[in-house]
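Visitor: With positions in the first sequence counted from 1, the corresponding number in my numbering is that position plus 24.
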Amino acid sequence: MLISYTITDSPLGRLLVAGTARGLCFVSLGDADGLLEKELSSDYPAAETVRDDVSLSAWTAALLKYLDGERVPLDLPVDVEGTPFQQSVWAELRAIPYGSTTTYGEIARKLGYGATGARAVGRACATNRVSLVIPCHRALREGGALGGFRWGLDRKARLLDQEQRAAQLTLGL
DNA sequence: GCCAGAACTCTGG
DNA sequence: CCAGAGTTCTGGC
Numbered sequence: 025m026l027i028s029y030t031i032t033d034s035p036l037g038r039l040l041v042a043g044t045a046r047g048l049c050f051v052s053l054g055d056a057d058g059l060l061e062k063e064l065s066s067d068y069p070a071a072e073t074v075r076d077d078v079s080l081s082a083w084t085a086a087l088l089k090y091l092d093g094e095r096v097p098l099d100l101p102v103d104v105e106g107t108p109f110q111q112s113v114w115a116e117l118r119a120i121p122y123g124s125t126t127t128y129g130e131i132a133r134k135l136g137y138g139a140t141g142a143r144a145v146g147r148a149c150a151t152n153r154v155s156l157v158i159p160c161h162r163a164l165r166e167g168g169a170l171g172g173f174r175w176g177l178d179r180k181a182r183l184l185d186q187e188q189r190a191a192q193l194t195l196g197l
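Written as structure tokens, this is what we have:
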């Protein structure tokens, strides 16, 4: 498997975007380029990763606009492996409209797992490799607490804050 | 290869 | 407050 990737600057830190011929397979935010590259290769140990700033530019531009607070639809193609359970959780996450949020428990109930599946849902979100395209930051804990976030809670808070601002602007507020 | 414990949770006793 | 329930991964044996 061949994966090309690129790294650019973004309002939330360094942004790594990686994809196969079929779609995005890895998106990550971080502070150091080297760490991001390491994350990618340890997540895809069998793949060959090559830096390619050109062919990924369209997807990268869309993500940058999004991180900049523009309300763009992130309906980019993704190419991620996952169990059926994970796929269904990710599908639910992508169905959350821009600017709104849901809870882990609600997703679990919708999928027919009752309240007990909430933890499993949280785990499925945590192992999602394309966290901006699949908006796992729109999943909160019951009671409004943010819960956890792979890239740090302040990034989660900033993403949500930005989304809510942009959504309100669109409504004419 | 198997078992225990942890991870972005929630509910009921 | 404590324990248990469903999924997946990791680490120890």
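Here a beta-carbon is modelled for each residue, glycine too, at the ideal position from N, C-alpha and C.
Predicted, not measured: the structure shown is a model, and the values here were computed from it.
Cα separation between Glu166 and Val78?
Guide: Locating residue 166 in the first sequence gives position 142, counting from the first residue. Locating residue 78 in the first sequence gives position 54, counting from the first residue. Rounded to whole angstroms, Glu166 to Val78 spans 42 Å at the Cα level.
Visitor: From which residue to which residue does the alpha helix (DSSP H) around Leu166 run?
Guide: The residue you call residue 166 lines up with position 142 of the first sequence. Checking the displayed sequence, the identity of residue 166 turns out to be Glu instead of Leu. Glu166 -> no alpha helix (DSSP H), and no H or E assigned at all.
Visitor: By the 10 Å Cβ neighbour count, where 16 or more other Cβ atoms means buried, how is Gly196 classified, buried or exposed?
Guide: For the purposes of this step, residue 196 is taken as residue 172 along the first sequence, with counting starting at 1. Looking at its Cβ environment, which holds fewer than 16 other Cβ atoms inside 10 Å, Gly196 is exposed.
Visitor: Would Gln192 be called buried (16 or more neighbouring beta carbons within 10 Å of its own) or exposed?
Guide: Position 168 of the first sequence, counted from the start, is the residue given in the question as residue 192. With fewer than 16 other Cβ atoms within 10 Å, it is exposed.
Visitor: In the DSSP assignment, what are the bridge partners of Tyr29?
Guide: Locating residue 29 in the first sequence gives position 5, counting from the first residue. According to DSSP, which records beta bridges pairwise, Tyr29 is partnered with Ala42 and Arg75.
Visitor: Would you mind sorting Ala132 into buried or exposed? The rule is 16 or more other CB atoms within 10 Å of its CB.
Guide: For the purposes of this step, residue 132 is taken as residue 108 along the first sequence, with counting starting at 1. Flag for Ala132 reads buried.
Visitor: Going along the chain, which residues of its own chain have a beta-carbon closer than 7 Å to the beta-carbon of Val104, five neighbours each way excluded?
Guide: Within the first sequence, numbered from 1, the residue matching residue 104 stands at position 80. Once the five neighbours on either side are set aside, the close Cβ partners of Val104 are Cys49, Arg153 and Val154.
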